[in-house]
Amino acid sequence: MTSPLSLRVGLRNALRIAAPYFRSDQRSVGLGLLASLICAQLVVVGAAVAENYWRNAFFQTLQDKNWPGFIEQFWVYAVIAVFHICGAVYQRYLSQWLTIRWRGWMTSYYLDRWLEGAVHYRAMMSSHTVDNPDQRIADDIRSYIGLTLELLIGLIGALARLTSFVAILWALSNSIPLTIFSVTIPGYLVWAALIYAIAGSFVTHWIGRRLIQIDFEQERREADFRFALVRLRENSEAVALLRGEDFEKRGLAMRFRAIVDNWFRLMNLQQLIGLFSESYKRYSLYFPYFVMAPLFFGGTMQLGSFMQSGSAFNEVRNSFSYFINAYLKLAELAAVTHRLSQFAEVLEQSKAANADVASPADGAALDASEIVVKTAAGSPIIAVDSVRVDSGTSLLITGPSGTGKTSLVRALAGVWPFVDGKVSTAARRTLVLPQRPYLPLGTLRAAVSYPEAPDHSNATRIAEVLKTVGLDHLVALLDHVDRWDLRLSEGEKQRLAIARALLYQPDLLIVDEATSALSKPSEILLHQILRMHLSTATIVAVSHQDALHSYYDSVTVLRTSETN
1163 MTSPLSLRVG LRNALRIAAP YFRSDQRSVG LGLLASLICA QLVVVGAAVA
1213 ENYWRNAFFQ TLQDKNWPGF IEQFWVYAVI AVFHICGAVY QRYLSQWLTI
1263 RWRGWMTSYY LDRWLEGAVH YRAMMSSHTV DNPDQRIADD IRSYIGLTLE
1313 LLIGLIGALA RLTSFVAILW ALSNSIPLTI FSVTIPGYLV WAALIYAIAG
1363 SFVTHWIGRR LIQIDFEQER READFRFALV RLRENSEAVA LLRGEDFEKR
1413 GLAMRFRAIV DNWFRLMNLQ QLIGLFSESY KRYSLYFPYF VMAPLFFGGT
1463 MQLGSFMQSG SAFNEVRNSF SYFINAYLKL AELAAVTHRL SQFAEVLEQS
1513 KAANADVASP ADGAALDASE IVVKTAAGSP IIAVDSVRVD SGTSLLITGP
1563 SGTGKTSLVR ALAGVWPFVD GKVSTAARRT LVLPQRPYLP LGTLRAAVSY
1613 PEAPDHSNAT RIAEVLKTVG LDHLVALLDH VDRWDLRLSE GEKQRLAIAR
1663 ALLYQPDLLI VDEATSALSK PSEILLHQIL RMHLSTATIV AVSHQDALHS
1713 YYDSVTVLRT SETN
């Protein structure tokens, strides 16, 4: 897993996460937008430099009571303000443009890896699983890009300002030298700004070093609470029937209390950082004028130079103080990149798991040997010496509850990550029907066509398979958008899953008690329909029904002794 949370590790992870996008086929547009964004920032810095010189001229006209010069300087500022305005507006515009393109690419990148094969399932079952992958894709990517661009552009702006204003401040310092005990200090205002910023940065990090871990924990607890709310919504019927509202309220209240407890920790630490950083910022606004006051009141410095020096000092101090000003954002970025790095590592581990599953096998549609299915902790669930099903034949797996039938099905399907042995298949189109059918969001046509995209050209075929499995009443509702997973009964959903198999026409069909919610006659009839309409397919079924034995070419009975 990733290294412990720290700013250094967080920034290194941030660069590693950004690299794939800027090496992708979208790198030209991405780099072009980034370069334009940097140019907009430099325009803002250039306007700030021009304004600094303007301040000298403007305040000098005040001291000289030069009315024509005073009016002229207002026109000069009007031109400078145009660059300020355009730079700021287009900096935001280009940042938003780059953000949505980068986010679109990263979202697709992580979705592709998460939904590659059964990686999403293995990642959930892995011993190194990560919490709330949905939040990491939806929220953490958005936060990562926003924070990265904000901090990067801020850093470039700070360096540009530092380069520009150090030269100005150094020249102003040397034009009116400061002598202490007969020693002249060159560029004394630059050194004062540097010492001030270093001291402030050290104190800020000392106060806020625990902030990254607390930020990370806050994101996790917020996601857990949101997941619990979504889970309650998805299971609202069961909760209502069981009168489980009080239990759910207690569980949600407990999760929210965890958010509140960590929020107060976050609040208290941010309060300390805020007190110091605001004090640092406020007192530093007029610190340079205090330092230069003896020169001004002594008559060796004019008002224009006095105001220009103060402005330049604050620009240099702000540049040196980038770390202080950005500390909270840096801590947040470190926490977000840690979450994305964890997610990426688990995806890689899950992709590597079972890499040899589903390799071709000669002479059999499905061949498994020396199979030992284990829990995530490594305890054996079921051990089977051999499972072999020739192409076009059928196998029924039965046995008492608790013998590991479903675990064996997951291993044969190639999705369970904790399996010893070898599973191979020659099937090009495999479909697994679980006991609880999954119905995607959208139309009924999409639910029947899943996992393929809905096709309006096969409306007649869809109507036929629905009628075949006893769902005639749903034919007229094919293009209705509804929560079909909530609207249909368990029996109707299982019938729809059988219709899905008839429509998909797999080479290998694995049926894991996918008719258990139906009556015994209906269950037998649907298995007959599968054998009749998928006569060339290889079928492996799991069921408790003894009456199904005669409808399958071979039967494997799992015994309790086969589990250890």
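Residue numbering for the sequence shown follows this note's numbering, starting at 1163 and increasing by one per position. Think of the CB as a built atom: it goes at the ideal place given N, C-alpha and C, for glycine as much as any other residue.
In chain order, what residues of the same chain lie with their CB nearer than 6 Å to the CB of residue i, ignoring the 5 residues before and after it?
{"i": "Phe1458", "result": "Phe1468"}
{"i": "Trp1578", "result": "Arg1572"}
{"i": "Val1581", "result": "Val1535, Ala1573"}
{"i": "Val1717", "result": "Leu1558, His1711"}
{"i": "Ser1305", "result": "Val1498"}
{"i": "Arg1501", "result": "Arg1298, Asp1302"}
{"i": "Met1268", "result": "Ile1303"}
{"i": "Trp1353", "result": "none"}
Measure the alpha-carbon distance for residue i versus residue j and round it to whole angstroms.
{"i": "Val1138", "j": "Ala1280", "result": "The requested residue 1138 does not occur in the structure, where the chain is confined to residues 1163 to 1726."}
{"i": "Ser1441", "j": "Thr1366", "result": "12 Å"}
{"i": "Asp1617", "j": "Leu1636", "result": "17 Å"}
{"i": "Gly1413", "j": "Ala1497", "result": "26 Å"}
{"i": "Ala1250", "j": "Gly1319", "result": "12 Å"}
{"i": "Leu1688", "j": "Gln1707", "result": "13 Å"}
{"i": "Arg1382", "j": "Asn1294", "result": "8 Å"}
{"i": "Met1163", "j": "Ala1699", "result": "Confidence is the limiting factor: at Met1163 the pLDDT is only 43, short of 50, which leaves the residue's position unreliable, though a coordinate-based value still follows. Using only the alpha carbons, I get a separation of about 43 Å."}
{"i": "Lys1443", "j": "Ile1303", "result": "31 Å"}
{"i": "Arg1174", "j": "Leu1193", "result": "20 Å"}
{"i": "Ile1315", "j": "Leu1324", "result": "14 Å"}
{"i": "Glu1312", "j": "Ile1544", "result": "53 Å"}
{"i": "Lys1682", "j": "Leu1404", "result": "27 Å"}
{"i": "Tyr1283", "j": "Lys1513", "result": "10 Å"}
{"i": "Ala1539", "j": "Ile1262", "result": "41 Å"}
{"i": "Ala1285", "j": "Leu1437", "result": "43 Å"}
{"i": "Arg1598", "j": "Glu1652", "result": "8 Å"}
{"i": "Ala1300", "j": "Phe1220", "result": "50 Å"}
Of the choices the options, whose alpha-carbon is the least far from that of residue i?
{"i": "Thr1555", "options": "Asp1547, Leu1509, Leu1696", "result": "Leu1696"}
{"i": "Leu1356", "options": "Ala1497, Tyr1484, Val1673, Asp1274", "result": "Tyr1484"}
{"i": "Ala1322", "options": "Val1704, Gln1203, Asn1476, Glu1652", "result": "Gln1203"}
{"i": "Ala1240", "options": "Ala1209, Phe1452, Thr1499, Ala1250", "result": "Ala1209"}
{"i": "Pro1542", "options": "Val1549, Arg1550, Gly1566", "result": "Gly1566"}
{"i": "Ala1638", "options": "Ile1624, Val1631, Ser1651", "result": "Ile1624"}
{"i": "Val1207", "options": "Phe1245, Gln1222, Ile1179", "result": "Phe1245"}
{"i": "Val1631", "options": "Gln1432, Tyr1350, Gly1362, Lys1655", "result": "Lys1655"}
Is any non-hydrogen atom of the ligand ADP found closer than 7 Å to the C-beta of residue i, if you look at the structure I gave you?
{"i": "Val1594", "result": "Judged by which ligands are present, the structure shown has none, so any question about the ligand ADP falls away."}
Please list the terminal residues of the continuous alpha helix (DSSP H) segment that includes residue i.
{"i": "Ala1659", "result": "1652–1666"}
{"i": "Arg1393", "result": "1373–1396"}
{"i": "Glu1532", "result": "Run containing Glu1532: none in the alpha helix (DSSP H); it sits in the beta strand (DSSP E), 1528–1536."}
{"i": "Thr1630", "result": "1621–1630"}
{"i": "Gly1370", "result": "1350–1370"}
{"i": "Leu1636", "result": "Run containing Leu1636: none; DSSP gives neither H nor E here."}
{"i": "Lys1584", "result": "Not the alpha helix (DSSP H): Lys1584 falls in the beta strand (DSSP E), residues 1581–1587."}
{"i": "Ala1210", "result": "1189–1226"}
Could you check where the beta strand (DSSP E) with residue i kicks off and where it finishes?
{"i": "Lys1682", "result": "Where Lys1682 is concerned, there is no enclosing beta strand (DSSP E), although the alpha helix (DSSP H) it sits in stretches over 1682–1695."}
{"i": "Arg1550", "result": "1542–1551"}
{"i": "Ile1559", "result": "1556–1560"}
{"i": "Phe1285", "result": "Checking the sequence, you will find Ala at residue 1285 rather than Phe. Ala1285 -> not in any beta strand (DSSP E); alpha helix (DSSP H) instead, spanning 1281–1287."}
{"i": "Leu1671", "result": "1670–1674"}
Excluding the 5 residues flanking residue i on each side, which residues of the same chain have their C-beta closer than 8 Å to its C-beta?
{"i": "Arg1217", "result": "Gly1466, Met1469, Gln1470, Ser1473"}
{"i": "Ile1247", "result": "none"}
Between the beta-carbon of residue i and the beta-carbon of residue j, is there less than 8 Å?
{"i": "Val1702", "j": "Leu1665", "result": "no"}
{"i": "Tyr1740", "j": "Gly1370", "result": "Given a span of 1163 to 1726 for the chain in the structure shown, any question on residue 1740 remains unanswerable."}
{"i": "Leu1633", "j": "Thr1605", "result": "no"}
{"i": "Ala1661", "j": "Val1627", "result": "yes"}
{"i": "Leu1373", "j": "Ala1493", "result": "yes"}
{"i": "Gly1561", "j": "Val1673", "result": "no"}
{"i": "Ala1390", "j": "Arg1417", "result": "yes"}
{"i": "Leu1595", "j": "Ala1659", "result": "yes"}
{"i": "Asn1487", "j": "Pro1450", "result": "no"}
{"i": "Val1478", "j": "Val1238", "result": "no"}
{"i": "Ala1359", "j": "Phe1482", "result": "yes"}
{"i": "Leu1273", "j": "Ser1198", "result": "no"}
{"i": "Leu1603", "j": "Trp1276", "result": "no"}
Would you please verify whether the beta carbon of residue i is less than 8 Å from any beta carbon of chain C?
{"i": "Leu1670", "result": "In the displayed structure, chain C is absent; only one protein chain is listed."}
Sorted by chain position, which residues of the same chain lie with C-beta nearer than 7 Å to residue i's C-beta, five sequence neighbours on each side aside?
{"i": "Ile1330", "result": "Asn1214, Ala1474"}
{"i": "Ala1212", "result": "Ile1242"}
{"i": "Tyr1271", "result": "Pro1182"}
{"i": "Ala1176", "result": "Thr1310, Leu1495, Thr1499"}
{"i": "Tyr1713", "result": "His1689, Gln1690, Arg1693"}
{"i": "Leu1196", "result": "Leu1260"}
{"i": "Tyr1612", "result": "Pro1602, Arg1662"}
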